[in-house]
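One structure is given here, and the rest of the page talks about it.
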Amino acid sequence: MGSGAGHIFRLCVASLGDLFFPRFCLVCGAKLDIGVRHLCPSCADDIPLTYFWSWDGNPAEQRLAEAHVEQACSLFFYRRDGGYGKLIHRFKYEGDIRLGRRLAGMLAGKMAEACRAAERKPGTKARFADVDVVVPIPLHPLKKFRRGFNQSDVIARELASALGASFEPKLIRRRRFTRTQTRAADRRSNMAGAFVLNEKALRRLRSAGARHILLVDDVLTTGSTIAAAASVLPPDFRLAAATLACVE
Ligand SMILES: [Zn+2]
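Numbering (this note's numbering), first residue to last: 478 to 725.
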C-alpha cells in the first residue's frame, strides 16, 4: 500500500473509531476532529503556560529554595477548579500514557529551547543545560502496582531523552506508604523521611561522572515531595526539578 493509500486507510480507521467512540476535548468538551486528540485547537492554544523554563527565581524555585533545588520549572498552571487539571487526572488516574508523553514532550521542548536560547546569549546562565541524570519521584510499590505505572517515569523518560541525560529510576525509593493529603502542614510531616537513597545506583552515577540531577514529578504543590526526595541526595550534586503542572 502506498503512503497516500496508507494515509487514507488510517483516516478511515480513525473515523470509524470516532464514529463508535467520539472524542471530546478534555477541557471544554467540544467534539474533536478526526485525528485530533485530547484538546481542541482553541484549548491547546490557551494552555496556561508558566514560562518558568526561562524565568530565574520563578514561584516553583521559591517553593524549593530550602531544598537546595537551583532551577525548577513546570509546563502549566493547575487550578483545581480549572479545566486543565483534567489533563493530569486523565493521565494519572485513567492511564492515558499517550497524553502524559505529549505533555512531557511539550515541557521537554520548552526546556531544550531555553537551553539553546541561553547558549546564543553570551553571559546568560543556561538553565537545565548541564543536567546529566533525570530521576522520577518514585511511587510506593503498592500504589504503582494498583495504578500499573508511575506517572513520573513517563515524564522523566521524555525529559531525559530531550536533554540528552540518562534516566535513573532507581536512585531513590519510597520508604513507606504515604496517604494522599492535601493540607500543607500534613503533607510536610507526612513526606519527611519518605525516601531512601540507593547506594548502588549512586556509585554507578558517580563513576559515570554525573553532577547535576533533575528530579521529576507530575504536580508541584507545596514542594514537600520534591524537598523530601532532595533531602536524601548527597550535597555535592546540583539539583533541579521539573513537573508537568504547578498548583497556583
Ligand atoms: Zn477545548
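The C-beta atom is built at its ideal place from N, Cα and C for all residues, glycine as well.
Worksheet entry | Beta-carbon spacing of Lys609, Ala687 below 7 Å | Note that residue 609 corresponds to Asp in the displayed sequence, not to Lys. Contact: yes.
Fill in: Nearest to Cys550 (by Cα), restricted to the options Arg575, Ile565, Arg624, Ala581
Among Arg575, Ile565, Arg624, Ala581, the Cα nearest to that of Cys550 belongs to Ala581.
Worksheet item: When you compare each of Ala722, Cys520, Gly512 to Ile485 by their alpha carbons, which one comes out closest?
Response: Cα-wise, what sits closest to Ile485 is Gly512.
Worksheet item: What residue ranges within the segment 604-633 form continuous alpha helix (DSSP H) runs of no fewer than 4 residues, ordered along the chain?
Response: Fully enclosed alpha helix (DSSP H) runs of 4 or longer: 618-624.
Worksheet item: Among residues of its own chain, excluding the 5 on either side of Ala585, which ones have a beta-carbon nearer than 8 Å to its beta-carbon?
Response: Cβ-Cβ distances below 8 Å link Ala585 to Glu635, Leu636, Ser638, Ala639, Leu640 in the same chain, with the five nearest sequence neighbours on each side left out; the list follows chain order.
Discussion item. I'd like to confirm something about Cys520: is its beta-carbon nearer than 6 Å to some heavy atom of ligand 1, or not?
Written reply: Yes, the beta carbon of Cys520 sits closer than 6 Å to at least one heavy atom of ligand 1.
Fill in: Gln628 burial status per 10 Å Cβ neighbour count (16 or more: buried)
Burial call: buried.
Discussion item. Using a Cβ-based criterion (distance less than 6 Å to any ligand heavy atom), does Val504 qualify as near ligand 1?
Written reply: Because some heavy atom of ligand 1 lies under 6 Å away, the Cβ of Val504 counts as near it: yes.
Worksheet item: Which first and last residues belong to the beta strand (DSSP E) in which Arg651 is found?
Response: From DSSP, the beta strand (DSSP E) with Arg651 extends over 649-651.
Worksheet item: DSSP on Asp558, reduced to helix/strand/coil?
Response: Reduced to three states, the DSSP call for Asp558 is coil.
Worksheet entry | Contacts around Val612, its chain only, beta-carbon distance under 6 Å, and the 5 residues preceding and following it disregarded | Counting only residues of its own chain and dropping the five nearest sequence neighbours on each side, Val612 has a CB closer than 6 Å to the CB of Glu645, Leu648, Ile690, Leu692.
Worksheet entry | The alpha helix (DSSP H) enclosing Asp522, as first and last residue numbers | Here the alpha helix (DSSP H) through Asp522 covers 518-522.
Item to complete: Would you check whether ligand 1 has a heavy atom nearer than 6 Å to the C-beta of Ala507?
Response: Yes - ligand 1 has a heavy atom lying nearer than 6 Å to the Cβ of Ala507.
Worksheet item: For Leu697, which residues of its own chain have a beta-carbon under 6 Å away from its beta-carbon, when the five flanking residues on both sides are left out?
Response: Around Leu697: Ala537, Ser551, Thr720, Cys723.
Fill in: Neighbourhood of Glu547 by C-beta distance below 8 Å, restricted to the same chain and skipping five residues each side
Only Glu538, Arg715, Leu716, Ala717 meet the Cβ criterion.
Discussion item. Is it the case that the segment 620-627 contacts the segment 703-711, given that we only count it when at least three CB pairs across the two stretches are under 8 Å?
Written reply: The segment 703-711 is not in contact with the segment 620-627.
Discussion item. With a threshold of 6 Å (Cβ to nearest heavy atom), would Cys592 be considered close to ligand 1?
Written reply: The answer is no for Cys592.
Worksheet item: Can you give the beta carbon distance from Ile632 to Asp695, rounded, assuming they're within the 8 Å contact cut?
Response: Under the criterion of beta carbons closer than 8 Å, Ile632 and Asp695 qualify as touching, at roughly 7 Å.
Worksheet item: Under a three-way DSSP split, which group does Arg715 fall into?
Response: Three-state result, Arg715: strand.
Worksheet item: First and last residue of the alpha helix (DSSP H) that includes Leu682?
Response: Here the alpha helix (DSSP H) through Leu682 covers 676-684.
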